[in-house]
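**Student:** Counting in our numbering, the sequence shown runs from 1 upward without gaps.
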Amino acid sequence: MASHSDTLVVFFGGTAGANGGKLGSDEREIILLVWQIVDLHEKKVGKLHRCLVRPDTLDLTEQCKEETGLKVDDLVKAEPLDKVLQQFQQTVQSEVKALGRSSYKLCVDSPLVVRQALHPEASKKNLVLPECFFSFVDVRTEFRKCCPNAGPVQDLTPSSMLECVGLPPMAEQVMGLREVKCMVQIILHLLAEPLNHKFSCFETVKYKFESGACSKTEPVDSETVIRARGLPWQSSDQDIARFFKGLNIAKGGVALCLNAQGRRNGEALVRFVTTEHRDLALERHKHHMGSRYIEVYKATGEEFLKIAGGTSNEVAQFLSKENQVIIRMRGLPFTATPQDVLTFLGPESPVTDATEGLLFVKYPDGRPTGDAFVLFSCEEYAQNALKRHKQILGKRYIELFRSTAAEVQQVLNRYMSTPLIPTLPPPPIVPMPVMTSPQYLPATNGTRDCVRLRGLPYTAGIEEILEFLGEHTVDIKPHGVHMVLNQQGRPSGDAFIQMKSSDRAFMVSQKCHKKTMKDRYVEVFQCSTDEMSIVLMGGTLNRSGLSPPPCKLPCLSPPTAYAFPQASLMPEAALYQPPLLATPRTAQTSAHSPAPTLAYYSPQPQLYMNMNMNYTAYYPSPPVSPSTVGYFAAPPGVMSAGLGAQPHPAGVGSAMLPQPGALVRMQGLPYNTGVKDILSFFQGYQLHPEGVLVLYNYNGQCSGEALVTFPSKEAARQAMAERSSQLFYGQPVHLAFCN
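1. Can you tell me the Cβ-Cβ gap for Asn248 and Val205, rounded? I've got them flagged as a contact below 8 Å.
2. Going by DSSP, which residues form a beta bridge with Trp35?
3. Spell out the partners DSSP gives His287 in its beta bridges.
4. Verify whether the separation of the beta carbon atoms of Ala171 and Ser160 is less than 9 Å.
5. For Thr335, I'd like the list of residues in its chain whose CB is within less than 7 Å of its CB, leaving aside the five on either flank, ordered along the chain.
6. What residue does the alpha helix (DSSP H) around Met483 start on, and which one ends it?
7. Does the beta-carbon of Tyr458 have 16 or more other beta-carbons within 10 angstroms, so that it is buried, or is it exposed?
8. Check the C-beta distance from Ile476 over to Met499 and give it rounded, since I have them as a contact under 8 Å.
9. Note the first and the last residue of the continuous alpha helix (DSSP H) segment covering Tyr381.
10. Sort Leu393, Phe304 and Val53 by Cα distance to Ala406 and report the nearest one.
11. Starting from Tyr104, follow its DSSP beta bridges and name the residues at the other end.
12. If I follow the unbroken alpha helix (DSSP H) through Lys124, where does it start and stop?
13. Helix, strand or coil for Asp279 per DSSP?
14. Among Gln667, Gln718, Pro689 and Ile678, whose alpha-carbon lies nearest the alpha-carbon of His734?
15. Just to confirm my understanding: we take Lys362, look at its own chain, exclude 5 residues before and 5 after, and list those with CB closer than 8 Å. What are they?
16. Output the boundary residues of the beta strand (DSSP E) element that contains Gln526.
17. Out of curiosity, what's the CA-to-CA distance linking Val165 and Leu195?
18. Within 10 angstroms of its Cβ, does Trp233 collect 16 or more other Cβ (buried), or is it exposed?
19. Out of Gly176, Cys182, Leu177 and Lys145, point me to the one whose CA is closest to Glu163's CA.
20. Measure the C-alpha to C-alpha separation of Glu523 and Leu456 and round it to an integer number of angstroms.
21. Our contact map puts Val408 next to Leu319 with C-beta atoms below 8 Å; I'd like the distance itself, whole angstroms only.
22. Using a threshold of 9 Å, state whether the C-beta atoms of Val481 and Phe496 are closer than that.
23. Using only CA atoms, which one of Pro55, Glu95 and Ala736 lies nearest to Lys77?
24. Is Glu210 helix, strand or coil when you go by DSSP?
25. Quick check on Arg448: buried or exposed, where buried means 16 or more other Cβ atoms within 10 Å of its Cβ?
26. Could you tell me whether the Cβ atoms of Pro130 and Leu81 are closer together than 9 Å?
27. With distance defined between alpha-carbon atoms, name the residue in Cys527, Gln89 and Glu295 nearest to Asp503.
28. Rounded to the nearest angstrom, what separates Glu806 and Cys512 at their Cα positions?
29. Which residues does DSSP list as the beta-bridge partners of Thr516?
30. Would Ser200 pass as an interface residue toward chain D - the criterion being a Cβ-Cβ separation below 9 Å?
31. Assess, as a yes-or-no matter, whether the region 326 to 333 is touched by the region 270 to 290 under the definition of 3 or more beta carbon pairs within less than 8 Å.
32. Based on DSSP bridge pairs, tell me the residues matched to Gln731.
33. Please list, in chain order, all residues of the same chain as Gly13 whose beta carbon is under 6 Å from its beta carbon, the five residues on each side excluded.
34. Looking at Pro158: is its Cβ nearer than 9 Å to the Cβ of Asp138?
35. I need the boundaries of the beta strand (DSSP E) containing Lys362, first residue and last residue.
36. Please look up how many angstroms separate the CB atoms of Leu707 and Leu693, rounded, as I've assumed it's under 8 Å.
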């Protein structure tokens with residue numbers, strides 16, 4: 001289409017819900033289209049057309065009925081949107097041809113009808129819009145060029161523009177006809193003497209989303225970034241761009257967020273080209289992607305760069321190829337070569353530039369992680385590759401799914417910043433069930449600004465809780481969602497929410513009490529921070545009253561207790577490690593007593609943990625990602641690491657001391673590996689079952705790694721030399737010293 005046009009098609013649309021400044025914000029379908037042609041050279045107007053559109057859902061809001069004067073019966077015999085758009089295109093083309101003109105542009109009274117109504121609805125219904133809907137003129141912008149004193153563009157309406165230039169108000173009362181006639185009068189006024197205005201400022205809608213890489217040094221305006229939450233886990237950047245169809249996303253401006261295990265957590269950061277487009281994106285809060293509604297919040301440029309920004313030259317070179325479809329492979333054998341991957345994918349899905357189109361993700365020391373990214377030149381090849389999902393390569397099944405340039409950066413950044421086990425600090429490690437970051441423990445006070453959720457489904461996660469709270473999620477304090485876990489690290493059915501005020505907490509307890517979640521009703525009670533903290537520390541809060549945690553009970557010699565000064569807490573970086581690290585230790589008996597010495601509770605204000613406690617998984621509240629805070633949820637028998645025991649006062653007892661020997665790390669284990677399997681593998685080396693620790697990830701599943709304590713370094717070296725060449729249940733494993 002030419003950069004300038006001979007004619008303008010003045011266009012107006014209305015929906016079955018909100019119209020005017022809120023057009024498209026409630027996701028209602030289009031029910032009315034009105035248009036009229038204006039010849040810019042002859043300053044003549046064509047026929048006025050008004051067409052009703054039959055929506056898929058015949059339901060009009062009361063506001064819509066009042067503004068449009070339409071009823072459901074009026075729409076029953078109307079044509080659907082695709083038929084009306086065909087009629088629009090045919091009539092416009094025939095009239096433009098009859099005028100002897102060669103081109104035309106759409107002219108609207110605001111971008112909402114195009115960006116927030118037509119494009120999103122056409123995307124959901126898989127309709128192909130005519131080319132004219134990808135470039136249009138905003139009459140308000142053109143009017144303000146000629147009348148700079150008219151006020152802000154967003155405040156202008158057809159009626160106010162007529163009044164501004166002294167034209168008589170329009171007598172027409174029918175919605176659609178009134179707005180189009182007003183715009184036509186304004187256009188003719190701008191074309192006439194003395195203004196002689198030329199329409200040259202055209203807004204565009206991008207045909208498709210452009211993927212690309214983003215550098216950490218690139219400036220990103222915080223007023224152009226949003227966070228989308230509640231996405232299906234398999235969503236790609238193209239799916240997200242489709243959800244925001246009609247709004248222009250910056251190149252490479254979709255960054256899928258990953259959780260602590262490197263899996264997508266249902267969130268994405270999206271960067272738009274302007275603040276105006278960002279603001280329109282916020283109006284799509286709780287619009288639907290399939291059957292799921294998507295929450296949209298403001299975000300910052302720093303958050304976007306943290307996820308999407310990269311500095312690796314290898315990644316930049318990998319992503320330098322334009323218009324490539326990216327597929328992520330997960331679960332590759334550590335011994336897999338590029339040729340193995342190419343053979344696995346097969347000739348029907350050729351990789352771009354063969355091995356140059358493969359990027360293996362590795363740890364800083366060069367060890368493979370089991371992840372890789374693959375480039376394909378077209379959608380057909382990518383679809384053929386996705387058919388290999390969960391097929392076997394070697395002895396392992398491989399997961400394949402769509403990926404993005406931002407995800408490549410994020411995965412590489414995550415693994416390259418992961419500290420290696422040999423570089424961890426060497427303080428002694430004491431067995432503990434679970435340890436959460438103390439900075440998120442709530443400060444106690446008597447204010448009743450919290451609510452307790454009781455009776456949650458055990459499968460309920462953070463997304464379900466936020467959906468359950470609905471509009472009240474905006475009143476949650478940062479890091480204010482606390483899910484209570486039992487001793488096995490599983491959900492207990494309870495959760496605590498910190499609200500911004502006691503009034504907000506009262507409101508939530510009144511409106512959400514006994515609402516259903518997955519066919520179960522959930523009890524919601526207002527409570528204080530003191531009550532919440534006691535439960536999070538292991539106490540109980542029930543109909544019988546409030547019981548303090550075990551660490552608060554008066555006792556001289558608890559069965560098993562360890563006191564840890566705050567200075568010995570795990571460093572923050574260690575909280576984000578995928579496996580739970582621990583070294584098995586055995587208690588040392590006192591020289592004067594054959595029985596193990598028990599530790600007393602210290603009278604000093606220290607942090608206590610007890611085997612009978614409840615444990616809490618901490619989640620941030622919107623708009624922060626639930627993946628930004630790590631927690632340990634260990635299955636039975638798994639102990640967390642990073643806490644060093646301190647000597648007790650003289651005469652009280654002795655601290656746990658590290659067991660002598662050599663610690664060996666095993667990698668590449670099958671995910672169903674148990675302690676007995678490892679003892680059988682090292683049969684003849686006099687290993688003790690307590691010296692074998694299988695590592696688990698945050699989901700309570702085996703991480704594929706284990707720590708094994710040998711009686712001596714010589715025994716460990718001999719075992720590594722003899723067993724390194726053997727297969728562990730048909731799978732090669734990697735052995736390395738940890739100390």
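Beta carbons are placed, not taken as given, at the ideal position from N, Cα and C, and that holds for glycine.
Nothing here was measured: the structure is a model prediction, and the numbers come from that model.
**Tutor:** Walking through what the data contain:
1. Rounded to the nearest angstrom, the Cβ distance from Asn248 to Val205 is 7 Å, consistent with a contact under 8 Å.
2. In the DSSP output, where bridge partners are listed per residue, Trp35 has Phe11 and His49.
3. Ile294, per the DSSP bridge assignment.
4. If you check the CB distance, Ala171 and Ser160 do not come in under 9 Å.
5. So the qualifying residues of the chain are Pro732.
6. Run containing Met483: none in the alpha helix (DSSP H); it sits in the beta strand (DSSP E), Ile476 to Leu485.
7. Looking at its Cβ environment, which holds fewer than 16 other Cβ atoms inside 10 Å, Tyr458 is exposed.
8. For Ile476 against Met499, the beta-carbon gap comes to about 6 Å, under 8 Å, which counts as contact.
9. Glu379 to Leu386 is the span of the alpha helix (DSSP H), which, as asked, contains Tyr381.
10. Restricting attention to Leu393, Phe304 and Val53, the CA atom closest to the CA of Ala406 is found in Phe304.
11. Checking the DSSP bridge columns, you'll see Tyr104 partnered with Thr7.
12. Taken as a continuous stretch (DSSP letters only), the alpha helix (DSSP H) holding Lys124 covers His119 to Lys124.
13. Residue state, collapsed to three classes: helix.
14. Closest by alpha carbon: Gln667.
15. Same-chain partners within the cutoff: Pro368, Thr369 and Tyr415.
16. First-last of the beta strand (DSSP E) with Gln526: Arg520 to Cys527.
17. CA-CA distance, Val165 to Leu195, rounds to 12 Å.
18. So Trp233 ends up on the exposed side.
19. Checking every option, the nearest Cα to that of Glu163 belongs to Cys182.
20. Looking at the two C-alpha atoms, the distance is approximately 8 Å.
21. Indeed, because the Cβ distance is near 6 Å, the residues count as touching under 8 Å.
22. It is a contact, given that the beta carbons lie within the stated cut-off.
23. Ranking Pro55, Glu95 and Ala736 by Cα distance to Lys77 puts Pro55 first.
24. The DSSP-derived three-state label of Glu210 is coil.
25. The residue in question, Arg448, is buried, as its Cβ has 16 or more Cβ neighbours within 10 Å.
26. Against a cut-off of 9 Å, the Cβ pair of Leu81 and Pro130 comes out as no contact.
27. A check of alpha carbon separations from Asp503 across Cys527, Gln89 and Glu295 identifies Cys527 as the nearest.
28. Within the shown structure, residues of the chain are numbered from 1 to 739, placing residue 806 beyond reach of any answer.
29. Looking at the DSSP assignment, Thr516 forms a beta bridge with Tyr521.
30. This model lacks chain D altogether; it includes just one protein chain.
31. No: the two stretches stay apart, fewer than three of their Cβ pairs being nearer than 8 Å.
32. Paired residues: Phe728.
33. For Gly13, where only same-chain residues beyond five positions count, the Cβ hits under 6 Å are Ile30, Leu33, Val113 and Ala117.
34. Between Pro158 and Asp138, the gap from beta carbon to beta carbon reaches 9 Å or more.
35. Following the DSSP letters along the chain, one finds Lys362 inside the beta strand (DSSP E) bounded by residues Leu358 to Lys362.
36. That belief holds up - the Cβ atoms of Leu707 and Leu693 are roughly 5 Å apart, short of 8 Å.
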